[in-house]
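Okay, structure first, notes after.
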Amino acid sequence: MIDHDGIDPVDEIELVDTELGMKVPALPEADIAVDLHELEQLAPYNRYLLPSLQQDLEAVVSSAGPNLPLLPAKSEIDADYAVPAHRLLAADPEAFNHLLESISEADDEQGCFEVVAEGPFINIKIKRDVIAPWVIEEVLAEGDNYGKNGADLGRTVVLDVSSPNIAKQMHLGHLRSTVIGEAMTRILRANGVNAIRDNHLGDWGTQFGMLGHAFELWGDEIPELKNPSTQVTGLLKLYVKINQEVLAEKESSADGESPLEDAGRAWFTRLEEGDPAAKRLWQWTYNLSRAEFEEVYQRLGVEFEYTLGESLYSHINSEVFRAFVDRGLAAEDDKGRLKLVPSDEKMHALTIRKSDGSSLYGTRDLACLASRLHWFDPNEVIYAVGAEQTDYFKQVFDGFSQFAGDETPELTHLAFGPIELPDGKMSTRKGRVVFLSEVLDEAHSQALDRVTSNMERRGIEIDDEHIDQVAWDIAVGAIIYYDLKQPAGRKIVFDWDEALNFQGNSGPFLQYTNARINALLEKAGDAEVEAVTSSTDASYFKEDTSGVVGDLTMLMAEFPVVVRRAGTTHNPTLVAEHLYKLAHNFNSFYRDYPILSPDTSEDDRRSRLLLTAAASQVLKNGLKLLNIPAPDRI
RNA sequence: GUACCCGUAGCUCAGCUGGAUAGAGCGUUGGCUUGCGGAGCCAAAGGCCGCAGGUUCAAAUCCUGCCGGGUACACCA
């Protein structure tokens, strides 16, 4: 038998009263302190763009005609606002001209906009030559803080992220919640939010009962369980085995019942009722899994303020049952199950207590919400969980909203599609899974080849340890970016070649651009870069802003706006896209504007170094927000 | 069956609070290193924006219907 008798499970936890009329667990100590940052002193996100003029313009436009919209222009680096005045122009050209004139006279104190009529459109354009030095100056002055803003200061958001199940290895499916949750956290913080990451571990429930039962039946037959380094694999084997047998039982029985499954449920009930032997096995498994998850998180550079598994909330099952029944929000059905009473009749009722008295996923989520409300008093709780659970979250949110009334925080299901394999869905039972560690290892090995040959070609000697670290940075960057570059909603068909493609719109492309800039600045020398960038008014900047230089500075100007929008729309992809554009534009600039060439004049050299330093800063800040490593060389 | 999501370039997808020539990456074809990292840059080819109606000065975008693909509807999570 496996030795887990020495494990000492935590039994007693302290409960505290809440204003919701139910007890919740006392808040466990945080793993890392919640990062409460001070952003008051930062500039607003829209400091350069037209919103400062917006009210004024709206008044002018609406006085000219009832149905004239003032639109933010589609291409933001070209025009800031456009007024499509087709009708006005057709009906009354004189009025059109009058409007054009009035808009031109709008109060633009800083003189950074111009108004042009293009066909029936009146465009209000930013003057790039005026703005560009301001932008560069701001970027360099704010440094690592550029892009951050205090727009959401005072707001608290709890993010329910990652949430792998214990007793199984993390696979590709867990990647998205982890990666999206991490980027979202960093973006929210850049907006001033007090963001709390809680890894809602799947460490409880009937599935665990199945495993426990399987362990007792066949634990001795699984060789992997005897070797500490393969024990999680052994547990997974057990899980697969029992599920297969349950399936077989169901298929061969007339009524679709499975005694084995019933036994699994019973095992879970035993665990939930506090059976010491069951708890010891559970704790052993829990500890094993936590250690294994920790390795993956370290590689990905991800941390959580809290890792509070579902098991914590099982201590207040009876509180949930009682509170919901007392308030008439849950009722027992004819089979002895306790079900929520939905506010909308069309909604299915969610079961929160089985007929044997044990809890379900939803019970624990309700308990968890009540706890989070008490602990953190959040404005919002964001669940980064797969889209297949959309209806489930509607049920939980509905139930909790009825229960907590006005106290209910904003509840957001940040849904993402599944990661599928080219030959279909991942299925643990069918052995069609790609484990996260496999993907990382493969990415690392490919990156290592590339980095090694790169360094050889460039004649750079670095020790193996450093090269290995860089290869990890690239591997992790590639995988994080692959996940982040398309919005969460859709399913991703995992394609090895594309995920590990280091060209085009990819993580390594961004890292490459960063490394290249870094090499350039290094070659120029600290002294010169320092001299150029320390000037407080960007006075060295004297490029023509009509082309790629203008595009580049406008992309830098928009960066804080994008960070803001990514925060409000919960969409980290916006930052990823923006960085791609920025890097791409920089590469065009790099190609067309020699900097360190002997033929470049001193003035041009300084001016271009200044722009390069600013672009580098924005790129770095953006990569940081997405949790993509930015090594100096790759 | 009911509800929700998705049909845009050969492939994977942006764009969808209606506005100007529908954009990226991959792939294909061609070009660019005496000048800083070619993991780069430039260009070309490639589209009845699923189909049919409707609203509008204006529809990939809004509405209705249809067709095709997916997901959810457990005493799982």
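Numbering follows this note's numbering, in which position 518 of the first sequence is assigned residue number 654; successive positions increment by one, without gaps.
Idealized CB from N, CA, C, for every residue including glycine.
This one's a predicted model, so the numbers in the text were calculated from it and none came from an experiment.
Exercise for the section: Report the partner residues of His549 according to the DSSP bridge assignment. Expected result: Residue mapping note: residue 549 aligns to position 413 of the first sequence, counting from 1. In DSSP, His549 forms a bridge with Tyr519.
Exercise for the section: Express the C-alpha separation of Asp513 and Met320 in angstroms, rounding to a whole number. Expected result: In the first sequence, residue 320 corresponds to position 184, counting from 1. In the first sequence, residue 513 corresponds to position 377, counting from 1. Going by the C-alpha atoms only, they are around 19 Å apart.
Problem - Where Phe257 sits in the DSSP three-state scheme - result: Within the first sequence, numbered from 1, the residue matching residue 257 stands at position 121. Note: Phe257 maps to strand in three-state DSSP.
Handout entry: Distance between Arg568 and Val532 (C-alpha atoms, nearest Å)
Key = Counted from its first residue, the first sequence places residue 532 at position 396. Counted from its first residue, the first sequence places residue 568 at position 432. The alpha-carbon atoms of Val532 and Arg568 are separated by roughly 31 Å.
Exercise for the section: Tell me where the alpha helix (DSSP H) around Asn654 begins and ends. Expected result: For the purposes of this step, residue 654 is taken as residue 518 along the first sequence, with counting starting at 1. Element bounds for Asn654: Gly643 to Ala660.
Handout entry: With 16 other Cβ atoms within 10 Å as the buried cut-off, status of Ser211
Key = Taking the first sequence and counting its residues from 1, one reaches residue 211 at position 75. Only weak support exists for where Ser211 lies, its pLDDT of 48 falling under 50; the coordinates are left without a value.
Practice task
Would you mind listing the beta strand (DSSP E) stretches within the segment 448-511 that are 3+ residues and don't spill past its ends, in chain order?
Solution key: 466-468, 474-476 and 487-489
Practice task
Pick out whichever of Leu337, Gly392, Ile488 and Arg401 has its Cα sitting closest to the Cα of Ser425.
Solution key: Residue numbering aside, residue 425 sits at position 289 when the first sequence is read from its first letter. Looking at the Cα atoms, Leu337 is the closest of the given residues.
Handout entry: Ala674 vs Ile272 beta-carbon contact at 7 Å
Key = Within the first sequence, numbered from 1, the residue matching residue 674 stands at position 538. Within the first sequence, numbered from 1, the residue matching residue 272 stands at position 136. Yes, they are a contact pair.
Handout entry: Pairwise C-alpha distance: Met562 and Pro300
Key = The count along the first sequence starts at 1 and reaches residue 300 at position 164. The count along the first sequence starts at 1 and reaches residue 562 at position 426. Using only the alpha carbons, I get a separation of about 15 Å.
Problem - Those runs of the alpha helix (DSSP H) which lie wholly inside the segment 380-425 and span at least 4 residues - result: 395-408
Handout entry: Same chain only: Cβ atoms within 7 Å of Ala766, ignoring 5 sequence neighbours per side
Key = In the first sequence, counting from the first residue as 1, residue 766 sits at position 630. Hits under 7 Å: Gln647, Asn650, Lys756 and Leu759.
Handout entry: Among Thr672, Gln343, Ala303 and Gly283, the one whose alpha carbon lies nearest that of Arg322
Key = Indexing the first sequence from 1 puts residue 322 at position 186. Nearest of Thr672, Gln343, Ala303 and Gly283 to Arg322, Cα basis: Gly283.
Problem - Which of helix, strand or coil DSSP assigns to Val170 - result: For the purposes of this step, residue 170 is identified with residue 34 of the first sequence, where counting begins at 1. Three-state result, Val170: coil.
Practice task
Could you tell me whether the Cβ atoms of Phe440 and Asn335 are closer together than 7 Å?
Solution key: If you number the first sequence from 1, residue 440 lands on position 304. If you number the first sequence from 1, residue 335 lands on position 199. Yes.
Practice task
Using 10 angstroms around the beta-carbon of Ile555, count the other beta-carbons present and answer buried if the total reaches 16, otherwise exposed.
Solution key: For the purposes of this step, residue 555 is taken as the residue at position 419 of the first sequence. Counting Cβ neighbours within 10 Å, Ile555 comes out buried, since at least 16 surround it.
Practice task
Could you tell me which residues DSSP puts in a beta bridge with Tyr442?
Solution key: Position 306 of the first sequence, counted from the first residue, corresponds to residue 442. Looking at the DSSP assignment, Tyr442 forms a beta bridge with Asp334.
Handout entry: beta strand (DSSP E) segment containing Pro730, residue limits
Key = For the purposes of this step, residue 730 is identified with residue 594 of the first sequence, where counting begins at 1. It is not in any beta strand (DSSP E) - Pro730 carries neither H nor E in the DSSP assignment.
Exercise for the section: Grab me the residues of Leu505's own chain with a C-beta within less than 6 Å of its C-beta, minus the 5 sequence neighbours each way, in chain order. Expected result: Reading the first sequence from its first residue, position 369 is the one you call residue 505. So the list reads Phe536, once near-sequence residues are dropped.
Problem - Local Cβ density within 10 Å of Gly613, reported as buried at 16 or more and exposed below that - result: As a first step, residue 613 is located in the first sequence; it is residue number 477 there, counting from the start. When all chains shown are included, Gly613 counts as buried.
Handout entry: Inter-residue spacing [alpha-carbon to alpha-carbon] between Glu431 and Asp280
Key = If you number the first sequence from 1, residue 431 lands on position 295. If you number the first sequence from 1, residue 280 lands on position 144. Roughly 28 Å between the two C-alpha positions.
Exercise for the section: Would you give the residue range spanned by the alpha helix (DSSP H) that Tyr617 belongs to? Expected result: Looking up residue 617 in the first sequence gives position 481. Asp600 to Leu620 is the extent of the alpha helix (DSSP H) around Tyr617.
Handout entry: C-alpha gap between Glu387 and Arg291, whole angstroms
Key = Locating residue 387 in the first sequence gives position 251, where the first residue counts as 1. Locating residue 291 in the first sequence gives position 155, where the first residue counts as 1. Computed Cα separation, rounded: 52 Å.
Practice task
Verify whether the separation of the beta carbon atoms of Ser450 and Ser495 is less than 7 Å.
Solution key: By one-based count along the first sequence, residue 450 stands at place 314. By one-based count along the first sequence, residue 495 stands at place 359. Contact flag set, yes.
Exercise for the section: Tell me whether Thr672 is buried or exposed, calling it buried when 16 or more other Cβ atoms sit within 10 Å of its Cβ. Expected result: Numbered from its first residue, the first sequence carries residue 672 at position 536. When all chains shown are included, Thr672 counts as exposed.
Exercise for the section: Kindly indicate which three-state DSSP category Ile555 falls into: helix, strand or coil? Expected result: Counting from one through the first sequence, the residue named residue 555 turns up at place 419. If DSSP states are grouped into helix, strand and coil, Ile555 belongs with the strands.
Problem - Segment limits, beta strand (DSSP E) that includes Leu295 - result: Position 159 of the first sequence, counted from the first residue, corresponds to residue 295. Segment Thr292 to Val297, the beta strand (DSSP E) holding Leu295.
Problem - Between the CA atoms of Leu163 and Ile628 - distance to the nearest angstrom - result: Position 492 of the first sequence, counted from the first residue, corresponds to residue 628. Position 27 of the first sequence, counted from the first residue, corresponds to residue 163. Whole-angstrom Cα-Cα distance: 37 Å.
Practice task
Run the CB neighbour count on Ser313, radius 10 Å, all protein chains shown included, and call it buried at 16 or more, exposed below.
Solution key: Residue 313 sits at position 177 when you count from the first residue of the first sequence. The residue is buried, with at least 16 neighbouring Cβ atoms inside 10 Å.
Handout entry: Distance, Val684 Cα to Ile213 Cα
Key = Start at 1 with the first residue of the first sequence, and residue 213 comes out as number 77. Start at 1 with the first residue of the first sequence, and residue 684 comes out as number 548. Because Ile213 carries a pLDDT of 43, less than 50, the predicted location of this residue cannot be relied on, and the following value inherits that uncertainty. Distance between the alpha carbons of Ile213 and Val684 is about 11 Å.
Handout entry: N-terminal and C-terminal residue of the beta strand (DSSP E) that Val219 is part of
Key = Reading the first sequence from its first residue, position 83 is the one you call residue 219. Start and end: Tyr217 to Pro220.
Exercise for the section: Quick one: using the 10 Å Cβ neighbour count with 16 as the cut-off for buried, is Ser447 buried or exposed? Expected result: If you number the first sequence from 1, residue 447 lands on position 311. Label assigned to Ser447: buried.
Exercise for the section: Grab the span of the alpha helix (DSSP H) containing Met346 for me, first residue to last. Expected result: Reading the first sequence from its first residue, position 210 is the one you call residue 346. First-last of the alpha helix (DSSP H) with Met346: Thr342 to Trp354.
Handout entry: Three-state class that DSSP yields for Phe638 in the structure shown
Key = By 1-based counting over the first sequence, the position of residue 638 is 502. Coil at Phe638, not helix or strand.
Handout entry: Contact set for Gly686: own chain, Cβ-Cβ below 6 Å, skip 5 residues either direction
Key = Counting from 1 along the first sequence, the entry for residue 686 is found at position 550. Taken in chain order, the residues that qualify are Arg264.
Handout entry: Three-pair Cβ contact test at 8 Å for the segment 631-640 versus the segment 701-710
Key = no
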